[in-house]
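All remarks here apply to the structure that follows.
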Amino acid sequence: MRRTRTAIVGAFTRLLFTRRYETIRTAQLIAEADIGRSTFYEHFRSKDDVLVAVIDPIFEPLADAAAGRGNMARLRLMLDHMWQQRALGRVIFDPGRLPRLQRKLAAMIDERLDGGILDGGISAHVPHALIATAAAAGQLAMLRMWLAGEVACPVATLAQHLMNDFLVVIPRSASLMPVT
Numbered sequence: 023m024r025r026t027r028t029a030i031v032g033a034f035t036r037l038l039f040t041r042r043y044e045t046i047r048t049a050q051l052i053a054e055a056d057i058g059r060s061t062f063y064e065h066f067r068s069k070d071d072v073l074v075a076v077i078d079p080i081f082e083p084l085a086d087a088a089a090g091r092g093n094m095a096r097l098r099l100m101l102d103h104m105w106q107q108r109a110l111g112r113v114i115f116d117p118g119r120l121p122r123l124q125r126k127l128a129a130m131i132d133e134r135l136d137g138g139i140l141d142g143g144i145s146a147h148v149p150h151a152l153i154a155t156a157a158a159a160g161q162l163a164m165l166r167m168w169l170a171g172e173v174a175c176p177v178a179t180l181a182q183h184l185m186n187d188f189l190v191v192i193p194r195s196a197s198l199m200p201v202t
């Protein structure tokens with residue numbers, strides 16, 4: 023099972039860097055992975071599902087930053103890579119795919135919050151999922167606008183904002199009181 027999944031992910035990555043995302047067909051992915059059609063569908067429903075599975079190296083530095091445990095060097099490396107591959111980044115963060123990617127990033131942030139990465143500061147009255155979703159939406163909006171060229175910003179500045187701006191979401195929520 024693990025070998026099959028690795029073959030699919032490897033094939034997807036090779037195709038992603040040699041073809042435009044929207045031209046990649048599931049049949050091509052299956053052929054490149056050298057597996058059967060039913061085997062592919064045992065692991066994934068579509069190429070978008072494969073994309074969500076392979077996005078972790080991009081999302082891990084973002085999730086860590088939102089949860090207060092970011093590594094500036096790692097975040098900058100990811101941003102440098104995204105900038106070099108910005109044409110691909112614009113396709114990946116297409117509005118049609120963004121909701122699935124946002125849910126994935128929010129889940130990664132939420133997992134870090136539930137794992138006790140933050141030392142206090144989160145109100146028991148505000149669900150972590152709500153905080154994580156807000157942080158993910160903000161981070162992805164900044165990343166998408168930057169990659170699309172809608173906003174010019176040096177990598178170092180963007181990294182600093184991604185590290186700091188979404189920490190504000192978390193402590194401020196501690197002052198929210200539940201509606202009774």
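Note that the sequence shown covers residues 23 to 202 in my numbering. Glycine included, C-beta positions come from ideal geometry on N, C-alpha and C.
Option in the options with minimal Cα separation from residue i
| i | options | result |
| --- | --- | --- |
| Thr35 | Tyr63, Thr155, Lys69 and Pro176 | Lys69 |
| Gln107 | Thr26, Cys175, Ile80 and Arg67 | Ile80 |
| Asp71 | Thr48, Pro117 and Asp56 | Thr48 |
| Phe62 | Ile131, Leu120 and Val31 | Val31 |
| Arg91 | Met130, Leu120, Val113 and Gly111 | Met130 |
Beta-carbon contacts of residue i that lie in its chain and below 6 Å, excluding the five residues immediately before and after
| i | result |
| --- | --- |
| Leu99 | none |
Cβ-based neighbour list, residue i, same chain, cut-off 8 Å, excluding 5 preceding and 5 following
| i | result |
| --- | --- |
| Ala178 | Arg98 |
| Gln232 | No statement about residue 232 is possible, as the shown extent of the chain runs from 23 to 202 and does not include it. |
| Leu37 | Ile46, Gln50, Leu51 and Glu54 |
Per-residue burial, residue i [other beta carbons within 10 Å of its own, 16 or more giving buried]
| i | result |
| --- | --- |
| His103 | exposed |
| Arg166 | buried |
| Phe39 | exposed |
| Ala95 | exposed |
Whole-angstrom distance between residue j and residue i, CA atom to CA atom
| i | j | result |
| --- | --- | --- |
| Cys175 | Leu169 | 10 Å |
| Gln50 | Tyr43 | 12 Å |
| Ala33 | Val76 | 11 Å |
| Arg24 | Ile52 | 16 Å |
| Ile153 | Arg134 | 12 Å |
| Gly171 | Ala156 | 23 Å |
Cutoff 7 Å; reference residue i; Cβ partners in own chain excluding five residues on either side
| i | result |
| --- | --- |
| Leu101 | Val177, Leu180 and Ala181 |
| Pro149 | none |
| Gly111 | Met104 and Leu169 |
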